[in-house]
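Sequential numbering from 1 applies to the sequence shown in the UniProt record's numbering.
Working notes, structure below.
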Amino acid sequence: QVGDKVMVLARSGLWQEVVNVPASQTFLMPEGMSFEEAAALLVNYITAYMILFDFGNLRPNQSVLIHMAAGGVGTAAIQLCKTVDNVTIFGTASASKHDSLKESGVAHPIDYRTMDYAEEVRKISPKGTVCWGLLQPSRISLRREETPGYCPFPLGVDIVLDPLGGADTSKAFNLLKPMGKLITYGVANLLTGQRKNLMAMAKTWWNQFSINALQLLHHNKAVCGYHLGYMDEEVELIRGVVAKLVSLYSQGKIKPKIDSVWPFDQVADAMRQMQEKKNVGKVILVPEAPKEESKKEEN
């Protein structure tokens, strides 16, 4: 109705003071939610929720690797993981963000700039007894290593959230436990700085992960792809996810983390904040500078 406070989900065209969207793309804001939180909720939390629960089937006592854990989707995924009992979270981010990640619930923050995150996960991930089968024409022969705690290879994690692409997707697949799930939802490695580096982009594209159905069968792993921008027609599905997120917000189980708020005339600075990977949480654009900042500038 006219006058309702709403959140809007649209593929583009929202960086302006007045927008016109179908009513089906609007969602009522819950009581107590700020407009900044509303702007930070839909894209990041819908993405994180569907990746973790619809594709990932996240359950108690599992482990998750979250890349870019201090970003918008990353912080949403951390909070959603905390709604499930005893989930172990690995998160990659620069060292300056590790304290914040630990406070939010990341058990094992990893500095991707100075460490090989795959090696770090393997060092920490639990080891256990492994049983494997030797297939023969007439029977299956099983062997079992009985030494307590023995494992010929680390078990890795149950779910990997991959917004990176390129060679990192292959590393993610190799980190999965049997029955593990890799969900890819971006190709951030194509972004190489302020200027385009065609060679670096071509290298990332060339190293993009590829696997066929027979290989998946042998590995007992799943690979999924997710892009919210191509879910326009799934109105009821998305509305159901938003209803669950609003309920979690109202219960105090999730709360969008706002890194900073920028007026439209400082959009370049806002983009630089993300490009230089300084943000922890969501960077928000608003038509005008927040009133408190305006007063400070006047003084």
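Just so it is clear, CB atoms sit at the ideal spot from N, CA and C, and this is done for glycine as well.
Predicted model only: the values in this text are computed from it and were never measured.
Reference residue i; option with closest CA among the options
i      : options                          : result
Tyr185 : Val121, Val267, Lys253 and Ile51 : Ile51
Pro60  : Ser210, Asp54, Lys282 and Cys81  : Cys81
Thr83  : Gln251, Asn189, Thr92 and Ala270 : Gln251
Ala38  : Leu65, Leu9 and Leu182           : Leu9
Gly165 : Ile66, Val187 and Asp85          : Val187
Gly105 : Val64, Tyr117, Thr114 and Lys123 : Val64
Residue i: first and last residue of the uninterrupted beta strand (DSSP E) it sits in
i           : result
residue 322 : What the structure shows of the chain is the stretch from 1 to 299, and residue 322 is not part of that stretch, so it cannot be assessed.
Asp99       : Per DSSP, Asp99 belongs to no beta strand (DSSP E); it is in the alpha helix (DSSP H), His98 to Ser104.
Val261      : Ile258 to Pro263
Alpha-carbon spacing of residue i relative to residue j, whole angstroms
i      : j      : result
Phe264 : Ser12  : 15 Å
Val246 : Pro30  : 6 Å
His219 : Ala243 : 36 Å
Leu42  : Ala76  : 10 Å
Asn279 : Ala70  : 7 Å
Thr88  : Pro109 : 11 Å
Asp99  : Ala93  : 11 Å
Pro163 : His67  : 7 Å
Ile254 : Ser170 : 31 Å
Asp116 : Met274 : 23 Å
Gln215 : Leu175 : 16 Å
Ala107 : Val19  : 41 Å
Boundaries (first-last residue) of the alpha helix (DSSP H) holding residue i
i      : result
Ala10  : Neither: Ala10 is in no alpha helix (DSSP H) and is coded neither H nor E.
His227 : Run containing His227: none; DSSP gives neither H nor E here.
Phe173 : Ala167 to Leu175
Phe35  : Phe35 to Tyr49
Environment of residue i [buried if 16+ CB atoms lie within 10 Å]
i      : result
Phe90  : buried
Leu101 : buried
Asp158 : buried
Asp85  : exposed
Gln79  : buried
Gln1   : exposed
Lys257 : buried
CB-CB length for residue i against residue j, believed under 8 Å
i      : j      : result
Lys181 : Gly156 : So it is not a contact: roughly 12 Å between Cβ atoms.
Val6   : Phe27  : 6 Å
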